[in-house]
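In our numbering, the protein residues as written are 16 to 497.
Structure first, commentary second.
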RNA sequence: GGCCCCGUCGUCCAGUGGCCUAGGACGCCGGCCUUUCAAGCCGGAAACGCGGGUUCGAAUCCCGUCGGGGCUGCCA
């Protein structure tokens, strides 16, 4: 039987890198094994769900190229793929378990439970549910519910007992049921909990492999026992280590972690993010760092995933993004940079402006790590009112700069063909006559022409800017008194 | 506290008893190239948490210890 994997995000927040990596590993394993990748929405937390988060997550998955074969929006043979559409199914499953004696109504109120939990903790006892309602006889319990008394449904864990299972990543894991309380299946208002909905869905959708975050490892015995009670076959589990922030704690917004769509907006390439995320807990083996999705599909195996958590390293992601940007054909680089450029410039480019960008694109591409950086590199080509950087302004106010630029203006008057070769020949000749090094002599010119001490190569920049604009900028500084 | 998981350079990854004088990548430091910045090239510092075993031989196997993380909800 072929593999069926799912990712089941809860729309309670934007898609973060942890979710993205879990999705990636599920997707890779499904593709590697020729199986099916499913996207399900686990939206049983009605207090925190927001439609915009679901949209963000699906958008992020698509942007990353993690297309799903079955699931929300795409559809499939199993109905809705959104848990909020399946509440009646979960309630029915819970009631069946009650009838079968595998679950029972619990009349304890949240307030009572909270109080007992506090007492237990104060007394040093385990804080989990003590199971008292399990002793109520079924007929009596049914009568009380019939009479309208609110009850949650709890799963009756077998006691004594233990659950042993083999995690694909961690090997054999044993948990004694003494440490697993009778957890809630159905809330007293009839809504399912995550445990119930997720497990019922995994059974109904015939999920073969559950690859999810390590935070769910302690819940796995519950899911296994519930699956068995439901008459389903237990999937193979693989618990992926969490991604940590620099402080060693689970990565979160506190660490400045951004959502996937925010990375997109900052100018990261999906392939770079995929490559980077693949390396968090896995590698294709050997010394390779940069590799394609096809390589990953060919080699990926959940069993090879690292056991220990990985720290998210923004600097390495940035480096990798630069690698992917430089690997782009220049035309593709331009196409991808286009929206970021116009956004950064705050205007859309006219055809002749686009040609100017085209003339510089190769040089810009080499020094771009994030697409959103492109605008600042070429801003001087599209704006006349340059705001010099403080460093540039300082150099421009130097009296020596004014006299140098005056000489530059004079020398440039003789340039017939305004191209970078001619400009280079002319300016190098001038600097030689003046006894100035290129390092010394060119920075003032760069400051005047680009408004910055850091720019793409100067001669090309001047060539693309054009004779008139270049001379105007040089003269403006040369004319200063002093 | 209890339960579970984990432990190779600062970080990510390679390593599955001898090929390890522990390799690659990011970052860092130094140098080269150079019109600035990048890119590129060369070089450097930098790790098997600790202690016991097992073995002719341990980063690799076992035990302990210490450290870190997760869970401990009518959240997921």
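Even glycine gets a Cβ: it sits at the ideal position worked out from N, Cα and C.
Computed from a predicted structure; not experimentally measured.
Sequence-distant residues of the same chain with beta carbon closer than 6 Å to residue i, five excluded per side
| i | result |
| --- | --- |
| residue 193 | none |
| residue 481 | none |
| residue 63 | 27 |
| residue 46 | 312 |
| residue 128 | none |
Cβ neighbours of residue i in the same chain (closer than 8 Å, five flanking residues each side left out)
| i | result |
| --- | --- |
| residue 349 | 372, 373, 376 |
| residue 292 | 32, 35, 36, 39 |
| residue 245 | 108, 112, 214, 215, 218 |
| residue 424 | 486, 489, 490, 493 |
| residue 429 | 441 |
| residue 43 | 293, 311, 312, 315 |
| residue 360 | 390, 394, 397, 398 |
| residue 73 | 54, 87, 88 |
| residue 450 | none |
Environment of residue i [buried if 16+ CB atoms lie within 10 Å]
| i | result |
| --- | --- |
| residue 17 | exposed |
| residue 326 | exposed |
| residue 497 | With a pLDDT of only 49 at residue 497, under 50, the local geometry of the prediction cannot be trusted, and the value read off the model is given with reservation. The residue is exposed, with fewer than 16 neighbouring Cβ atoms inside 10 Å. |
| residue 286 | buried |
| residue 130 | exposed |
| residue 469 | exposed |
| residue 383 | buried |
| residue 405 | exposed |
| residue 179 | exposed |
| residue 307 | exposed |
| residue 24 | buried |
| residue 140 | exposed |
| residue 296 | buried |
Which listed residue (the options) has its alpha carbon closest to that of residue i
| i | options | result |
| --- | --- | --- |
| residue 115 | 102, 153, 79 | 153 |
| residue 21 | 111, 227, 346, 330 | 227 |
| residue 199 | 407, 340, 118 | 118 |
| residue 162 | 361, 122, 186 | 122 |
| residue 415 | 69, 456, 204 | 456 |
| residue 167 | 411, 410, 106 | 106 |
| residue 203 | 363, 65, 165 | 165 |
| residue 66 | 453, 190, 27 | 27 |
| residue 443 | 435, 453, 434 | 453 |
| residue 236 | 279, 346, 353, 171 | 171 |
| residue 158 | 173, 120, 75, 132 | 120 |
| residue 484 | 448, 431, 426, 400 | 400 |
| residue 51 | 90, 73, 63, 238 | 90 |
| residue 288 | 271, 59, 75, 353 | 75 |
| residue 272 | 299, 332, 190 | 332 |
| residue 160 | 174, 184, 347, 110 | 110 |
| residue 61 | 381, 346, 248, 205 | 205 |
| residue 385 | 232, 341, 403 | 341 |
CB of residue i within 7 Å of CB of residue j, strictly
| i | j | result |
| --- | --- | --- |
| residue 459 | residue 419 | yes |
| residue 146 | residue 197 | yes |
| residue 323 | residue 250 | no |
| residue 242 | residue 214 | yes |
| residue 417 | residue 491 | no |
| residue 19 | residue 222 | yes |
| residue 356 | residue 309 | no |
| residue 466 | residue 421 | no |
| residue 57 | residue 276 | no |
| residue 445 | residue 426 | yes |
| residue 283 | residue 336 | yes |
| residue 270 | residue 263 | no |
| residue 503 | residue 305 | Residue 503 is absent from the model: the chain starts at 16 and stops at 497. |
| residue 59 | residue 212 | yes |
Other residues of its chain near residue i: CB distance less than 7 Å, five sequence neighbours each side excluded
| i | result |
| --- | --- |
| residue 393 | 372, 375, 379 |
| residue 136 | 142 |
| residue 182 | 188, 252, 253, 254 |
| residue 479 | 371, 374, 375, 396 |
| residue 68 | 26, 27, 28, 29 |
| residue 185 | 254, 322 |
| residue 234 | 210 |
Cβ-heavy atom distance, residue i to the ligand MG, below 6 Å
| i | result |
| --- | --- |
| residue 20 | Absence of the ligand MG is noted for the structure shown, with no ligands found whatsoever. |
Three-pair Cβ contact test at 8 Å for the stretch 81-88 versus the stretch 96-106: Taking 8 Å as the limit for Cβ pairs, the verdict is that the stretch 96-106 does touch the stretch 81-88.
For the stretch 432-442 against the stretch 469-478, are there 3 or more C-beta pairs whose distance is under 8 Å? As far as the Cβ criterion goes, the stretch 432-442 touches the stretch 469-478, which means the pair count is three or higher.
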